[in-house]
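Single-structure report; data block below.
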Amino acid sequence: MNQSTTEPAVITNKLTKRFGDFVATNEITFTVDKGEIFGFLGANGAGKTTAIRMLCGLLKPSSGEAKIAGYDVYRETEKIKQQIGYMSQKFSLYEDLTVRENIRFYGGIYDLSVAEIKRKTEQILQNLNLHSVADTLVASLPLGWKQKLSFSVALIHEPKIVFLDEPTGGVDPITRRQFWDMIYEAAHRGTTIFVTTHYMDEAEYCNRVSIMVDGRIQALDTPRALKSQYGVDSMDGVFQILARGTSTK
Amino acid sequence: MSAIVIENIAKAFGPTQALQDVSFTVNPGELFGLIGPDGAGKTTLFKILVTLLLADKGQATVSGLNVVGDYKQLRHHIGYMPGRFSLYQDLSVQENLNFFATVFGTTIEANYFLIKDIYEQLAPFKDRRAGQLSGGMKQKLALCCALIHKPEVLFLDEPTTGVDAVSRKEFWEMLRRLKEQGLTILVSTPYMDEADLCDRVGFIQNGQILAIDTPEEITKRFTKPLYGVRAAETYRLIQDLRQAPFTDSCYAFGESLHLATHNGTDKRQIEQYLLDKQHQELEIERIAPGIEDTFMALMNQQTNEPVNH
C-alpha cells in the first residue's frame with residue numbers, strides 16, 4: 001500500500017439510497033486511500049451492490065455525498081466511469097468473442113488509440129501466458145483464465161480504482177491465489193482495489209475491511225484490529241458475529 | 250448395501266473429457282462432500298447419478314437401482330437440487346411446493362415433518378412468487394422441493410455457491426439435521442472450508458478423483474513440512490519466499506503465508522533467509538496442513554507441472 005498524501009480514492013459522507021420505504025444503503029461514511037486494498041463485506045442483501053452501483057456512478061444516491069477519484073457521484077458520473085475499472089463474476093467478458101477481440105473491444109470502449117490497444121494486447125497476452133489461445137473464443141477457456149483475463153481487461157485503461165465484485169467465486173484454490181497475486185501487484189503499482197468476497201480468508205488479504213449489516217457499515221478497520229476487537233482469531237469469526245444482522249435472509 | 254455406487258464412470262463432451270474413470274461409494278446415512286472447482290466435473294457426475302445424463306462408460310447405482318436400467322423407479326428415491334435455481338419463478342412458494350409434491354404423488358402434509366424446520370422460515374413468504382425471493386430463500390425453497398417426496402438419497406449440486414458465510418453456515422446446519430433423519434446426502438461445493446463438515450470427502454479436479462477420505466485423514470496426504478509465516482510486508486514476503494532455495498510452494502492463507510519446504514529444511518534456515526532480506530516482525534511456526542493445503546498439493550501432483558494459468 002502506498003502511503004500517499006494525495007486525496008483518497010473514495011470518500012463518502014452519509015451516502016444513502018432509498019427504494020420507497022426500504023433503505024438499502026443507510027448513511028455510510030468511509031474513505032479508501034490510494035493504493036489500498038479495501039474489502040467490502042456483508043451478507044447477501046446487506047446493501048453492498050447498491051453501494052457499489054452508487055460509487056461507480058450507475059445509481060443516483062438519495063442523499064449524502066461521495067467522491068470517486070475526486071469526482072462527484074451526482075454530477076460527474078461520466079468522469080467517474082473513465083477513472084474506474086469494474087469486474088464481477090457475473091459480467092465480464094464476451095463469450096462469443098476471442099481473447100484478442102475482447103481486449104480490443106474494451107480498449108475501444110475506453111477510447112484507447114490503435115497503437116495503445118496493440119501494446120496492451122501484447123502485454124496482457126504476455127503476462128497471462130495466453131498467446132496460444134489469443135484467437136480462441138473466451139467461452140471455451142477455463143474459468144480461472146477467464147477471470148484473470150477479465151481482471152486485466154478491467155485495468156486496460158489504467159483506472160485509478162478497480163471494483164471487484166466477488167471476483168474469485170468458484171475457481172480452484174491455486175488460481176484463486178494467483179488472482180490475489182495480481183491484485184497485490186496492481187495495488188503495489190498504486191491502483192486502489194475495492195473488493196467484495198464470500199471467502200473470509202480473502203478478507204485477511206485486505207489492508208482494511210468494512211462489514212455492512214442491514215444497509216449500515218457496522219465495522220471498519222484492519223483485519224488484525226477487527227479480530228482483536230471481537231476477540232476471535234479469524235475474519236470468519238468477526239463476520240459470523242456481525243453479519244447475522246436482523247434481516248430474515 | 251451402499252447408498253451410491255459409482256464404477257469407472259467416464260463422460261466426454263466433444264474433445265473435453267469431463268469425467269475420467271471415476272469410482273467411489275457412499276454409505277447409507279453418510280454426508281459425502283464432492284469438493285472441487287468449477288469445471289472439475291461435479292455437475293456432470295450429479296446429472297449421471299440423477300438419471301439426466303448417460304455416461305460413456307462405467308455404471309452406477311443409487312439405492313441399489315441402476316441409473317440407466319431402473320431410471321424410472323430410481324427417480325422416486327432421490328431428491329435433486331441443481332446448481333442453477335430450477336423452480337418455477339412465476340409460481341408462488343406454496344404453489345411450487347405443491348407442484349413437486351403432486352408430481353411425486355404425495356402431499357405437503359404427508360412429509361411435512363421432513364421440511365418443517367426449513368419451511369417455517371419460508372412460511373411468511375408463502376404467497377410470494379419464487380422469482381421474487383432473495384437468494385437465501387430460493388435456496389431453502391429448492392431444498393424443500395427436493396425433500397417433499399421423502400427421498401432416501403439427496404443430491405445437492407453446489408447449494409452454497411455465491412452464498413455469504415453466515416447463510417452457508419446455516420445451510421450446513423440444515424444438512425446436519427437432515428442427516429440425523431437418516432438421509433444419505435451427496436453434496437458438491439467449491440468451498441474447501443466446508444469439507445470439515447462432511448463425514449467423508451472426495452476431491453475432484455479435471456474429471457478425476459484426487460483422493461477420498463475423512464476430513465481428518467485426508468490431510469495426511471500432505472507430506473511436506475509446512476510453516477505459517479508472517480512479516481510486516483506480505484507482498485514482498487511472498488516474492489522472497491517463492492525465490493528461496495528451500496521452498497516447495499508458498500501460498501497466502503488468511504493472515505499468514507503457508508510455506509511448504511523440501512524435507513530437511515528447519516525453521517532457523519527460513520528465519521535466517523528472511524532476516525537477510527530485512528524482513529521485520531517475523532513470525533514462523535510449524536503448522537498442520539488443512540484441507541485446502543492438501544487439495545492444492547494434490548492438484549499440483551496431478552498436473553505435474555507448475556500451474557501458470
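Going down the list, the sequences are from chains R and H.
When the letters of the first sequence are read in order and numbered with this note's numbering, they come out as residues 1 to 249.
When the letters of the second sequence are read in order and numbered with this note's numbering, they come out as residues 250 to 558.
Glycine included, C-beta positions come from ideal geometry on N, C-alpha and C.
Item	Value
Host beta strand (DSSP E) of E418/H (start-end)	Looking at the sequence itself, residue 418/H is Lys, so the reference to Glu does not match. Run containing K418/H: none in the beta strand (DSSP E); it sits in the alpha helix (DSSP H), 414-429.
Exposed unless 16 or more other CB atoms sit within 10 angstroms - verdict on L242/R	buried
Alpha carbon of A261/H to alpha carbon of L382/H, nearest angstrom	36 Å
Identity of the residues DSSP links to R479/H by a beta bridge	E532/H
Coarse secondary structure for N347/H, derived from DSSP in three states	helix
C-beta contact flag for L15/R and A66/R at 9 Å	yes
Reduced DSSP category for Y522/H - H, G, I as helix; E, B as strand; rest coil	helix
H511/H burial status per 10 Å Cβ neighbour count (16 or more: buried)	exposed
Assigned exposure category for K90/R - 16 Cβ within 10 Å defines buried	exposed
Alpha carbon of W180/R to alpha carbon of T438/H, nearest angstrom	21 Å
Residue range of the beta strand (DSSP E) that includes R216/R	216-221
Test: G169/R CB closer than 9 Å to a CB of chain H	yes
M330/H - partner residues in DSSP beta bridges	L405/H
Extent of the continuous alpha helix (DSSP H) to which T543/H belongs	540-552
Buried or exposed by the 16-neighbour rule on C-beta atoms within 10 Å, applied to D172/R	buried
Three-state secondary structure (DSSP) of F452/H	strand
Closer than 9 Å to chain R by CB, N549/H	yes
Touch test, the region 443-453 of chain H against the region 282-300 of chain H, Cβ-Cβ under 8 Å, three pairs minimum	yes
Span separating the alpha-carbon of T6/R from that of K34/R	8 Å
Residue environment, V114/R, which counts as buried when at least 16 other CB atoms sit within 10 Å	exposed
Own chain residues within Cβ distance below 8 Å of K375/H, not counting five before or after	S341, V342, Q343
Residue environment, Q147/R, which counts as buried when at least 16 other CB atoms sit within 10 Å	buried
Contacts around T468/H, its chain only, beta-carbon distance under 6 Å, and the 5 residues preceding and following it disregarded	P538, T543
Nonlocal neighbours in the same chain, by C-beta distance under 6 Å from F471/H, ignoring five residues either side	P538, D542, T543, A546
Alpha carbon of G562/H to alpha carbon of L280/H, nearest angstrom	One cannot answer for residue 562/H here, as it falls past the ends of chain H, which runs 250 to 558.
Segment limits, beta strand (DSSP E) that includes V195/R	192-196
Identity of the residues DSSP links to L435/H by a beta bridge	F281/H, F404/H
Which of helix, strand or coil DSSP assigns to L459/H	strand
CB contact flag (I255/H, G313/H, <9 Å)	no
Q218/R at chain H interface by Cβ criterion, 9 Å	no
Inter-residue CB distance, T191/R and N207/R (contact presumed, cutoff 8 Å)	With 8 Å as the limit, T191/R and N207/R do not qualify as a contact, their Cβ atoms being about 13 Å apart.
L323/H - DSSP class collapsed to helix/strand/coil	helix
Which of helix, strand or coil DSSP assigns to K473/H	coil
Which listed residue (L283/H, S251/H, D287/H) has its alpha carbon closest to that of L143/R	D287/H
Of the residues K387/H, L475/H, Q518/H, the one placed nearest D339/H, counting alpha carbons only	K387/H
Beta-carbon spacing of L486/H, H528/H below 9 Å	yes
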